[in-house]
Amino acid sequence: MISVERVSHSFNGHPALNNLSFRVAPGECFGLLGPNGAGKSTLINILVTLLQPDSGSVAINGWPLETEAAKIRSSIGVLFQDSSLDERLTAYENLYFHAMFYHVPPREAPQRIAGLLALIGLADRSHDLVITFSGGMKRRLEIARSILHHPRVLLLDEATVGLDPQARRRIWDYIATLRRTYSLTVLLTTHYLEEAEICDRIAILDKGAVIACDTPARLKELHGQKTLDDLFLHLTGRDLQDSETGELERLKAALRVRRIK
């Protein structure tokens, strides 16, 4: 479903990814963990086709990134850390605009939207402006939007950052329901321990490379650690809870330069 083989990428001569490889099986929930600057955001932006790697190969749903980026984009759903909802529109209008953008048949769009709004508990707020929503409600709406076009793969980049623990739990309850309903493959980046624990497998990145990959339980057993935080500290010398994304700002700057050029 997702294949990353020997991928490398640099910014201004500074390596962000270094011969990185892993695969995600159909229907799997796969987590990416790594300290600040490990390459997570760079990898996500390659997977969503915003960047081409300097070397190596990426394929999603059987399509190679180098030649079939448009097909990849049509077959994935994406939820970034920063919200991209139009708060001047209603929840329904946000979803309808997305449906038209992804060429969802006009006759099907209203039914899909209604079903998803009911599934995430926002049916009674469908015609309210998004600006009136709480942070958790906005995240739920963005999740619904990300799968409205029936993607086979869902990519979540620090999707619950800034939410309180209760809101995070509700978000993951909804994602679990959506996985069962739509047979989704999920790849996520996170620094929350409870989110990493629910993944089928996790890959720990450091200095742009995968240094460990297996189920959370097997990795803890293999390295003699009781918790994921202990495991992360053992492998990287960093505490997982402190691993925020400073790399993200460098990546955004590089993308802005790329657009200007």
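Sequential numbering from 1 applies to the sequence shown in the UniProt record's numbering.
In this text, a Cβ means the ideal position worked out from N, Cα and C, and glycines have one as well.
These figures come from a predicted structure and were not determined experimentally.
Hey, residue i and residue j: beta-carbon distance below 8 angstroms or not?
i           : j      : result
residue 263 : Lys138 : The structure shown does not extend to residue 263, since the chain is modelled only from 1 to 261, so the question has no answer here.
Thr90       : Leu65  : no
Leu129      : Ala123 : no
Ile120      : Tyr174 : yes
His98       : Arg140 : no
Val210      : Met1   : no
Leu163      : Ala196 : no
Ala69       : Thr42  : no
Gly131      : Glu87  : Here the sequence assigns Ile to residue 131, which means Gly is not the residue at that position. Yes.
residue 324 : Leu51  : An answer regarding residue 324 cannot be provided, because it is not within the stretch 1 to 261 covered by the chain.
Lys226      : Ala38  : no
Taking the straight line between their C-alpha atoms, what separation do you get for residue i and residue j?
i           : j      : result
Ile143      : Lys220 : 31 angstroms
Thr190      : Pro53  : 22 angstroms
Phe22       : Glu5   : 7 angstroms
Val24       : Ser55  : 20 angstroms
residue 310 : Pro105 : Not covered by the structure: residue 310. The range shown for the chain is 1 to 261.
Thr245      : Gln81  : For Thr245, the pLDDT reaches just 43, beneath the cut-off of 50, and the residue's location in the model is therefore unreliable, although a value from the coordinates is still provided. Roughly 10 angstroms between the two C-alpha positions.
Leu111      : His223 : Reading off the sequence, residue 111 comes out as Gln, not Leu. When rounded, the distance between both Cα atoms is 49 angstroms.
Asn94       : Leu188 : 23 angstroms
Ile72       : His234 : 36 angstroms
Thr215      : Ile204 : 11 angstroms
Glu108      : Ala176 : 24 angstroms
Ser183      : Arg169 : 20 angstroms
Ala217      : Asn19  : 26 angstroms
Arg238      : Phe11  : 23 angstroms
Ser126      : Trp172 : 21 angstroms
Ile198      : Ala59  : 25 angstroms
Cys213      : Phe232 : 12 angstroms
Ile46       : Thr236 : 24 angstroms
His103      : Trp63  : 20 angstroms
Asn36       : Leu79  : 20 angstroms
Leu32       : Ile44  : 10 angstroms
Leu248      : Leu155 : The predicted model places Leu248 with a pLDDT of 49, which falls under 50 and marks its position as unreliable; any figure quoted below should be read in that light. If you take the alpha carbons of Leu248 and Leu155, they lie about 16 angstroms apart.
Ser3        : Pro26  : 11 angstroms
Asp230      : Tyr192 : 13 angstroms
Ile147      : Thr67  : 24 angstroms
Pro151      : Tyr96  : 16 angstroms
So, under 8 angstroms CB-CB, residue i and residue j are touching, yes? Tell me the CB distance rounded to an integer number of Å.
i      : j     : result
Arg179 : Phe30 : Contact doesn't hold; Cβ gap of about 12 angstroms is too wide.
Asn61  : Ser75 : 5 angstroms
Give me the residue from the options with the minimum Cα distance to residue i.
i      : options                        : result
Phe101 : Ile76, Trp63, Arg238, His149   : His149
Gly115 : Ala217, Thr181, Gly136         : Thr181
Gly77  : Arg218, Lys207, Val186, Lys226 : Val186
Asp157 : Gly34, Val7, Ser3              : Gly34
Gln166 : Leu155, Ile147, Gly208, Gly135 : Gly135
Tyr92  : Phe133, Asp206, Asp230         : Phe133
Val7   : Ser57, Glu28, Ile147, Leu155   : Ser57
Item to check | Runs of beta strand (DSSP E) wholly within the segment 50 to 135 (minimum 3 residues, chain order) | outcome: Complete beta strand (DSSP E) runs here, min 3: 55 to 60, 76 to 79.
Checklist entry - In chain order, which alpha helix (DSSP H) runs of at least 4 residues are fully inside the segment 154 to 203? => result 165 to 182, 193 to 197
Item to check | Start-end ranges of the beta strand (DSSP E) lying completely within the segment 16 to 46, minimum 3 residues | outcome: Positions of the beta strand (DSSP E) runs, each at least 3 residues long and wholly inside the segment 16 to 46, are given as 29 to 33 in order along the chain.
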